[in-house]
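One line per chain: the protein sequences are A and B, in this order. To convert a position in the first sequence, counted from 1, into my numbering, add 177. To convert a position in the second sequence, counted from 1, into my numbering, add 177. Working notes, structure below.
Protein chains: 2
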Amino acid sequence: MSNEAPSRRHFLGGTAAGLIGTAIEPARAQLAPSDARAAPAQAEPFYGPHQGGILTPMQDSLYFAAFDLSATTRADLIALLKSWTIAAARLTAGQPAEPGRQSTDAPPLDTGEALGLDPSRLTITFGFGPDMFTLNGADRYGLGAQRPAALVDLPRFAGDELVAGQCGGALCIQACANDPQIAFHAIRQLARIGYGQATLKWVQTGFSTANKTNGTPRNLMGFKDGTMNPTAAAAPPIVWAGAEGPAWMAGGTYMVTRRIRIALEHWDRMKIAFQEQTFGRHKTTGAPLGGTNEFEPANFTATDANGDYIIPETAHIRLAAPVNNGGAAILRRSYSYNDGANFVAERWPPWHQGIEYDSGLFFQAFQQDPRTGFIKLFARMSKIDALNQFTTHVGSAVFACPPGTREGGFIGQTLFTAA
Amino acid sequence: MSNEAPSRRHFLGGTAAGLIGTAIEPARAQLAPSDARAAPAQAEPFYGPHQGGILTPMQDSLYFAAFDLSATTRADLIALLKSWTIAAARLTAGQPAEPGRQSTDAPPLDTGEALGLDPSRLTITFGFGPDMFTLNGADRYGLGAQRPAALVDLPRFAGDELVAGQCGGALCIQACANDPQIAFHAIRQLARIGYGQATLKWVQTGFSTANKTNGTPRNLMGFKDGTMNPTAAAAPPIVWAGAEGPAWMAGGTYMVTRRIRIALEHWDRMKIAFQEQTFGRHKTTGAPLGGTNEFEPANFTATDANGDYIIPETAHIRLAAPVNNGGAAILRRSYSYNDGANFVAERWPPWHQGIEYDSGLFFQAFQQDPRTGFIKLFARMSKIDALNQFTTHVGSAVFACPPGTREGGFIGQTLFTAA
Numbered sequence: 178m179s180n181e182a183p184s185r186r187h188f189l190g191g192t193a194a195g196l197i198g199t200a201i202e203p204a205r206a207q208l209a210p211s212d213a214r215a216a217p218a219q220a221e222p223f224y225g226p227h228q229g230g231i232l233t234p235m236q237d238s239l240y241f242a243a244f245d246l247s248a249t250t251r252a253d254l255i256a257l258l259k260s261w262t263i264a265a266a267r268l269t270a271g272q273p274a275e276p277g278r279q280s281t282d283a284p285p286l287d288t289g290e291a292l293g294l295d296p297s298r299l300t301i302t303f304g305f306g307p308d309m310f311t312l313n314g315a316d317r318y319g320l321g322a323q324r325p326a327a328l329v330d331l332p333r334f335a336g337d338e339l340v341a342g343q344c345g346g347a348l349c350i351q352a353c354a355n356d357p358q359i360a361f362h363a364i365r366q367l368a369r370i371g372y373g374q375a376t377l378k379w380v381q382t383g384f385s386t387a388n389k390t391n392g393t394p395r396n397l398m399g400f401k402d403g404t405m406n407p408t409a410a411a412a413p414p415i416v417w418a419g420a421e422g423p424a425w426m427a428g429g430t431y432m433v434t435r436r437i438r439i440a441l442e443h444w445d446r447m448k449i450a451f452q453e454q455t456f457g458r459h460k461t462t463g464a465p466l467g468g469t470n471e472f473e474p475a476n477f478t479a480t481d482a483n484g485d486y487i488i489p490e491t492a493h494i495r496l497a498a499p500v501n502n503g504g505a506a507i508l509r510r511s512y513s514y515n516d517g518a519n520f521v522a523e524r525w526p527p528w529h530q531g532i533e534y535d536s537g538l539f540f541q542a543f544q545q546d547p548r549t550g551f552i553k554l555f556a557r558m559s560k561i562d563a564l565n566q567f568t569t570h571v572g573s574a575v576f577a578c579p580p581g582t583r584e585g586g587f588i589g590q591t592l593f594t595a596a
Numbered sequence: 178m179s180n181e182a183p184s185r186r187h188f189l190g191g192t193a194a195g196l197i198g199t200a201i202e203p204a205r206a207q208l209a210p211s212d213a214r215a216a217p218a219q220a221e222p223f224y225g226p227h228q229g230g231i232l233t234p235m236q237d238s239l240y241f242a243a244f245d246l247s248a249t250t251r252a253d254l255i256a257l258l259k260s261w262t263i264a265a266a267r268l269t270a271g272q273p274a275e276p277g278r279q280s281t282d283a284p285p286l287d288t289g290e291a292l293g294l295d296p297s298r299l300t301i302t303f304g305f306g307p308d309m310f311t312l313n314g315a316d317r318y319g320l321g322a323q324r325p326a327a328l329v330d331l332p333r334f335a336g337d338e339l340v341a342g343q344c345g346g347a348l349c350i351q352a353c354a355n356d357p358q359i360a361f362h363a364i365r366q367l368a369r370i371g372y373g374q375a376t377l378k379w380v381q382t383g384f385s386t387a388n389k390t391n392g393t394p395r396n397l398m399g400f401k402d403g404t405m406n407p408t409a410a411a412a413p414p415i416v417w418a419g420a421e422g423p424a425w426m427a428g429g430t431y432m433v434t435r436r437i438r439i440a441l442e443h444w445d446r447m448k449i450a451f452q453e454q455t456f457g458r459h460k461t462t463g464a465p466l467g468g469t470n471e472f473e474p475a476n477f478t479a480t481d482a483n484g485d486y487i488i489p490e491t492a493h494i495r496l497a498a499p500v501n502n503g504g505a506a507i508l509r510r511s512y513s514y515n516d517g518a519n520f521v522a523e524r525w526p527p528w529h530q531g532i533e534y535d536s537g538l539f540f541q542a543f544q545q546d547p548r549t550g551f552i553k554l555f556a557r558m559s560k561i562d563a564l565n566q567f568t569t570h571v572g573s574a575v576f577a578c579p580p581g582t583r584e585g586g587f588i589g590q591t592l593f594t595a596a
């Protein structure tokens, strides 16, 4: 925290002096010289070899925004990324979004709803979408040749019911924090700073109890979600790009997002036993069917007295297991979402129409290469996973998340020095 | 907590035994007889003279649902309210929604996503809307004569842009908790239990930092929100209905909800001084203009050197103050909302079209009588409050929240014994 960076608790200081047109002196952070650079409580680091919000233990809240880019020149895009980098570093440290003196005769350098709150473990993660490299064939920023092969256009999967307004984007910003107001505040500041250069395309809120649950958190289907996720120790080789791709992405990763609406009303009327066969796990313990412990290996060959697999052929965990996919693995970092309720009409027995939850899972997968990660895993699952009876993928996107940056650098800098 | 009520942490017990068709014995709560009725940590009481979620200190998350009633008889409606009362009491205590033995050969008695989580200070508050008393002139439940005069149809206010799908309802359930998954879980269980008798009409999520802020929390406009709210000591006579209305509502209250979309993008481009004149308060301190302390009385007569009021005639706090409204007062218990973003086109200078936040404030007011509370206060504000330049009321509803109930009773019981 530098000397000219007031902490958020002191932003604007005493505005008794804040009469119209009077520039006011921001109060300095109340820090002794010896701890002038100490991170505040509940702050996650922003600078580093990798971006935060990927291997960072999940926070309670997500606010995710995909943007279209209206910046017309490469210089404008670089300037935007520089401004965003500075603001993101400040926000994660609990400081007002923009540096400088706040005058009451000027619009806010920070919109204020985070004043008095700690950073709540805020992380801000940037990703570059295909449209940043070329858009309708135009290479606006001279980056087309640098598009990584791994930043692949996702194929159409069986069952996809994608809504254009919830897909794609030239750039994304993921804000995660232990408070939804902090996550919203972060995206809002960055969108505000990017006015005229980047425009919102779609957004998504999410929540998770990972932070509060003793063990694996549950999704809205009531099952433990993430039992097979790689541990922090095992994740890095799965997640981080390295020498196999372009040098500018070394230390970065590829993010796939899927907005998965879940027919909760239907799911809730299924027998527990059916739910368990759908997942391949017991609901309460999370143990694979036939087992007793959540973390024991699933026995995919065990059969019952009739010779049927105890973990059915269409069970979710059978299809998702790396062991059944040539070792393909991803890091999942998914948030449940609740976007209210809207009208649904079903024209087949048992017939139903009415208001249903627009809720489900905002699935996020991070991997070194989506072609050997999410795409490989989901191609078969999309066809035969028993879960598909209750899930519909309505949003989809893929982003290249560049490596982290150092103080003084900016997010994506390696791309622009490469191109 | 009765003996047959397993705590949520033990629901379904070990399901190693939970094979298809096997009824399993729920594990008992691990409670010694002496503390068998002790409330778990983070539990708010459900039973009592008043409903929870009104004077209860605000929680972090709101999930609010308005329902249409499809119950065809009075007996069906009473049965629904009895089932809901039992479930609501169980949920607030952190128990599975429905009592009884869970068989794996049956749909869930509880959908499971709250397993392993504490009650997170969950409160569940029921309200009865005009449509419960009569609907299109039909008195379905023999309750028409009991509709309180205070359960008034709100007038059309200046600037209203109400969307039918976000208004009204025969009944509402408000769930507040310190975790959004717990609030969602509660509404989901009650909607599930009410299947066939009550159907979702509209829903609303919300969040607040009241619980985390040292002092008055801030809304999405960055200002402290609730400075003038009555204290816990002052609130009861403002909130609770008494001898002035029907006996069945004594100890109840009237809730007005307004879904207020805020043009945050515009607000964020206003000068701080303009924002402060709009509210009539300093942004950082929350002090009334001309003052230095948040809680000092606003001086509505003070003028500047030009003879203009320091707190402008159209400032929000001038118009909202009880002292300027013949003492009219309400208890506000409002949550910010973030429902994503959608397309907005503005056809006047400075011209703008694009994706804007669908965010703002889900305003809730509780009072003894809306005619002398919200309606009186808002009638003038809706015409001249400077805030109106940035706010649009798109949802509206009014509900009679009956008094609380005792164990063995049910919510609304006094209404049915009166009618």
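Note that the Cβ used here is the ideal one computed from N, Cα and C, for glycine as well. All values reported here derive from a predicted model rather than from experimental measurement.
- At a cut-off of 8 Å between C-beta atoms, valine 521 of chain B does not count as an interface residue with respect to chain A.
- A straight-line Cα-Cα distance of about 7 Å links alanine 218 of chain B and aspartate 295 of chain B.
- DSSP, reduced to helix, strand and coil, places phenylalanine 593 of chain A within a helical segment of the structure shown.
- Annotated three-state conformation of serine 385 of chain B is coil, per DSSP.
- Of the residues B:Gly581, B:Ala387, B:Arg509, the one whose Cα lies closest to the Cα of glycine 293 of chain A is B:Ala387.
- Sequence-distant partners of serine 511 of chain A (beyond 5 residues in either direction) whose C-beta falls short of 6 Å from its own C-beta, in its chain, are Leu538, Phe540, Gln541.
- Taken in chain order, the members of the segment 440-451 of chain A whose beta-carbon sits within less than 9 Å of a beta-carbon on chain B are Leu441, Glu442, Trp444, Asp445, Arg446, Met447, Lys448, Ile449, Ala450, Phe451.
- In the same chain as aspartate 330 of chain B, and ignoring 5 residues on each side of it, the C-beta atoms closer than 7 Å to its own belong to Pro307, in chain order.
- Contact between alanine 505 of chain A and threonine 434 of chain A is absent: CB atoms are separated by about 18 Å, not below the 8 Å threshold.
- When beta bridges are read from the DSSP output, glycine 537 of chain B appears opposite B:Arg438, B:Tyr514.
- Closer than 8 Å to the CB of glutamine 358 of chain B there is at least one CB belonging to chain A.
- Taking the beta carbon of serine 573 of chain A as reference, no residue of chain B falls within 8 Å; the closest one sits roughly 17 Å away.
- Along the segment 358-426 of chain A, the alpha helix (DSSP H) occurs as fully enclosed runs of 4 or more residues at 412-416, listed in sequence order.
- Taking 7 Å as the cut-off between beta carbons, the residues of the segment 285-303 of chain B near chain A are Pro285, Thr288, Gly289, Glu290, Leu292, Gly293, Leu294, in sequence order.
- At a cut-off of 8 Å, the C-beta of glycine 271 of chain B has no neighbouring C-beta in chain A.
- Assigned with DSSP and collapsed to three states, arginine 524 of chain B falls in coil, not helix or strand.
- Contact annotation, alanine 577 of chain A with phenylalanine 305 of chain A: C-beta distance approximately 5 Å; criterion of less than 8 Å satisfied.
- Taken in chain order, the segment 259-296 of chain A contains no complete beta strand (DSSP E) segment of 3 residues or longer.
- Relative to phenylalanine 244 of chain B, the option among B:Phe303, B:Arg317, B:Asn355, B:Pro222 whose CA is nearest is B:Phe303.
- It is roughly 22 Å from the alpha-carbon of arginine 267 of chain A to the alpha-carbon of threonine 591 of chain A.
- Residues of the segment 488-515 of chain A with a C-beta less than 9 Å from any C-beta of chain B: Ser513, Asn515, listed in chain order.
- Interface residue (Cβ-Cβ distance to chain A less than 8 Å): isoleucine 370 of chain B is not classified as such.
- Taking a 10 Å sphere around the C-beta of isoleucine 561 of chain A, we find fewer than 16 other C-beta atoms and assign the residue as exposed.
- Pairwise C-beta distances place the segment 263-279 of chain A out of contact with the segment 405-422 of chain A, as fewer than three of them are shorter than 8 Å.
- In the DSSP assignment, aspartate 245 of chain A falls within the unbroken beta strand (DSSP E) covering 238-246.
- Interface with chain A (8 Å Cβ-Cβ cutoff): phenylalanine 555 of chain B is excluded.
- Contact between glycine 336 of chain A and asparagine 502 of chain A is absent: CB atoms are separated by about 19 Å, not below the 8 Å threshold.
- Closest in C-alpha terms to threonine 430 of chain A, from the list A:Ile439, A:Pro465, A:Arg438, A:Ala418, comes A:Ala418.
- Contact between the segment 494-501 of chain A and the segment 518-526 of chain A is not established, with fewer than three Cβ pairs separated by less than 8 Å.
- Shown here, glycine 304 of chain A sits in a strand according to DSSP, grouped into three states.
- For threonine 569 of chain A, the enclosing beta strand (DSSP E) stretches over residues 568-578.
- Nearest in C-alpha terms to glycine 586 of chain B, of all of B:Ser260, B:Thr455, B:Gln343, is B:Ser260.
- Contact between serine 573 of chain A and leucine 339 of chain A holds, with the beta-carbon distance rounding to 5 Å and staying under 8 Å.
- Proximity of chain B to arginine 524 of chain A at the Cβ level (cut-off 7 Å) is not reached, the minimal Cβ distance being about 18 Å.
- For isoleucine 487 of chain B, there is no enclosing alpha helix (DSSP H), since its DSSP letter is neither H nor E.
- In the assembly as shown, threonine 568 of chain A is a buried residue. Its beta-carbon has 16 or more other beta-carbons within 10 Å.
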